[in-house]
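Residue numbers (my numbering): 1 to 204.
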């Protein structure tokens, strides 16, 4: 789908969700599409997608902008990766998901970043997202915060969100932030980088 205004006057954008199997990609996409948390999801066989509608407030605008987003759930298993380049191409933005409680899921983040950078335009927004924050015990907060800073530096990414698909923590903030950035880049407006801190997530 090309990123442009559709016949209804809404932006039509392509958004990809990447990451290893089991980190919560399908659960997140289902929550975005239905507003509900489904703890029982099947492994994505290759590729799946959902269409969601959002209203996003753009900096300097007097009213919200309607957006139709095709969210692509890309299978995280190794045997599906040969398929990914053809589905990532043309993306207007995306997120790379890992499980903050299973740091081994972060070990393949450089591979996901390589796949992304080889198949999209250089300035296409991509956020790093830690999932399943509702399972984090308070004693782990300092370690997770330190890990976040390390990952951002190693991957060359500026934006990181912590989310909980179960409780809905920070999901709206995440989606409105990146969709807004995607639209502003299309309209050649300089986007404002989000400034959500670790403490902001704890208060959400």
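Glycine included, C-beta positions come from ideal geometry on N, C-alpha and C.
Remember, predicted model here, so these are calculated numbers, not experimental data.
Same chain, Cβ closer than 7 Å to residue i, neighbours up to 5 away in sequence not counted
i: residue 108; result: 20
i: residue 60; result: none
i: residue 94; result: 15, 16, 17, 18, 116, 126
i: residue 167; result: 134
Inter-residue spacing [alpha-carbon to alpha-carbon] between residue i and residue j
i: residue 22; j: residue 84; result: 17 Å
i: residue 147; j: residue 58; result: 31 Å
i: residue 29; j: residue 184; result: 23 Å
i: residue 142; j: residue 149; result: 11 Å
i: residue 89; j: residue 115; result: 10 Å
i: residue 97; j: residue 131; result: 7 Å
i: residue 180; j: residue 159; result: 14 Å
i: residue 267; j: residue 110; result: Shown here, the chain extends from 1 to 204; a query on residue 267 therefore has no answer.
i: residue 14; j: residue 178; result: 12 Å
i: residue 71; j: residue 161; result: 18 Å
i: residue 99; j: residue 113; result: 16 Å
i: residue 136; j: residue 75; result: 25 Å
i: residue 62; j: residue 129; result: 30 Å
i: residue 163; j: residue 173; result: 9 Å
i: residue 187; j: residue 153; result: 29 Å
i: residue 82; j: residue 35; result: 31 Å
Member of the options whose CA lies at the smallest distance from the CA of residue i
i: residue 155; options: 106, 137, 48, 138; result: 106
i: residue 33; options: 65, 11, 73; result: 73
i: residue 122; options: 133, 141, 157, 131; result: 157
i: residue 16; options: 187, 99, 48, 133; result: 48
i: residue 139; options: 186, 101, 24, 118; result: 101
i: residue 86; options: 120, 128, 95, 153; result: 120
i: residue 12; options: 153, 35, 92; result: 92
i: residue 104; options: 187, 151, 50; result: 151
Residues of its chain near residue i, where Cβ-Cβ distance is below 6 Å and the 5 sequence neighbours each way are ignored
i: residue 39; result: none
i: residue 118; result: none
i: residue 50; result: 29, 33, 71
Own chain, CB closer than 8 Å to residue i, minus 5 neighbours either side, in chain order
i: residue 53; result: 10, 66, 67, 68, 69
i: residue 165; result: 24, 27, 28, 31, 37, 131, 132, 171
i: residue 55; result: 64, 65, 66, 67
Assumed close pair residue i, residue j - CB separation to whole angstroms, cut-off 8 Å
i: residue 125; j: residue 182; result: 6 Å
Residues bridged to residue i (per DSSP)
i: residue 73; result: 17, 48
i: residue 127; result: 95
i: residue 66; result: 55
i: residue 176; result: None; residue 176 has no bridge partner.
i: residue 169; result: 164
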